[in-house]
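> Numbering (our numbering), first residue to last: 21 to 233. For glycine and all other residues, C-beta sits at the position ideal for the given N, C-alpha and C.
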């Protein structure tokens, strides 16, 4: 199965990061340029990864609900959709006209009759990171919501989060403390390699899940 477009977009996007790493390597004797390129590459890598996670999970969910029904969709995504409908209803609970279609969707979702697909539930997919949240718990929350929870305790993902937490800490210090960490181009390249491994693993996992529906 081919990559989701979010994955291909990510690999296209990180060419910019590789370019910064290459510039950093060439400017090791100029401390100002060297630090600047490494800091820029680190912040950009975190940004590209967050964008990938949101786009990937959204695209994956859209693919999944086109192929599944209220009876066959994975339980995590079923609950995610349910929660989002309820949240939407809470916002418009006093508006009888606006709340009616959402109530109908809940009725279909929990019906004993099997629906054709869940394609018209796209608006109830929310893969966005919570405002101001960038850490491991937030990534784990999203992965669990979209049916990737079984990945979280695997050795590869545990190792990934160890590196990811370090990367996020460096990124936060650069942005919020205006710090200049003792960061080398090799460090940034290592972080990029770890992110790349995660992207490949989650894409492979998604391929398996989509091939079963």
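1) Classify residue 223 as buried or exposed, calling it buried when 16 or more other Cβ atoms lie within 10 Å of its own Cβ.
2) Considering only residues of the stretch 109-167, which uninterrupted alpha helix (DSSP H) runs meet the minimum length of 4 residues and lie entirely inside it, listed in chain order?
3) Please list, in chain order, all residues of the same chain as residue 205 whose beta carbon is under 7 Å from its beta carbon, the five residues on each side excluded.
4) Looking only at C-alpha atoms, which of 71, 189, 96, 66 sits nearest to residue 26?
5) To the nearest angstrom, report how far apart residue 39 and residue 217 are at their CA atoms.
6) List in chain order: all unbroken alpha helix (DSSP H) runs of 4+ residues lying wholly within the stretch 22-52.
7) Do residue 80 and residue 180 have their CB atoms nearer than 8 Å?
8) In the DSSP assignment, find the alpha helix (DSSP H) that holds residue 182 and state where it starts and stops.
9) Should the stretch 127-140 be regarded as contacting the stretch 193-205, the criterion being three or more beta carbon pairs within less than 8 Å?
10) Return the CA-CA distance between residue 215 and residue 68, expressed in angstroms with no decimal places.
11) Check whether the Cβ atoms of residue 171 and residue 82 lie closer than 8 Å to each other.
12) I need the straight-line Cα distance from residue 178 to residue 229, nearest angstrom please.
13) Taking C-alpha atoms, which residue in 76, 28, 141 lies nearest to residue 102?
Short version:
1) Against the chain shown, residue 223 aligns to sequence position 203. With 16 or more other CB atoms across the displayed protein chains lying within 10 angstroms of its CB, residue 223 is buried.
2) You should have 116-129, 156-165.
3) Here residue 205 refers to the residue found at position 185 when the chain shown is read from its first residue. Closer than 7 Å at Cβ, skipping near neighbours: 41, 44, 45, 58.
4) Translated into the one-based positions of the chain shown, residue 26 becomes position 6. Residue 26 has its Cα closest to that of 71, out of 71, 189, 96, 66.
5) Residue numbering aside, residue 39 sits at position 19 when the chain shown is read from its first letter. Residue numbering aside, residue 217 sits at position 197 when the chain shown is read from its first letter. Those two C-alpha atoms are separated by around 19 Å.
6) Secondary structure within the stretch 22-52: the alpha helix (DSSP H) runs of 4 or more consecutive residues, fully enclosed, are 25-33, 35-46 (chain order).
7) Indexing the chain shown from 1 puts residue 80 at position 60. Indexing the chain shown from 1 puts residue 180 at position 160. Against a cut-off of 8 Å, the Cβ pair of residue 180 and residue 80 comes out as no contact.
8) For the purposes of this step, residue 182 is identified with residue 162 of the chain shown, where counting begins at 1. Start and end: 175-196.
9) Between the stretch 127-140 and the stretch 193-205 there are fewer than three inter-stretch CB-CB distances shorter than 8 Å, so the stretches are not counted as touching.
10) The count along the chain shown starts at 1 and reaches residue 215 at position 195. The count along the chain shown starts at 1 and reaches residue 68 at position 48. Rounded to whole angstroms, residue 215 to residue 68 spans 10 Å at the Cα level.
11) Position 151 of the chain shown, counting from 1, holds the residue named residue 171. Position 62 of the chain shown, counting from 1, holds the residue named residue 82. Taking 8 Å as the Cβ cut-off, residue 171 and residue 82 do not qualify as a contacting pair.
12) The residue labelled residue 178 in the question sits at position 158 within the chain shown. The residue labelled residue 229 in the question sits at position 209 within the chain shown. The alpha-carbon atoms of residue 178 and residue 229 are separated by roughly 21 Å.
13) Position 82 of the chain shown, counted from the first residue, corresponds to residue 102. Comparing Cα positions, the closest option is 141.
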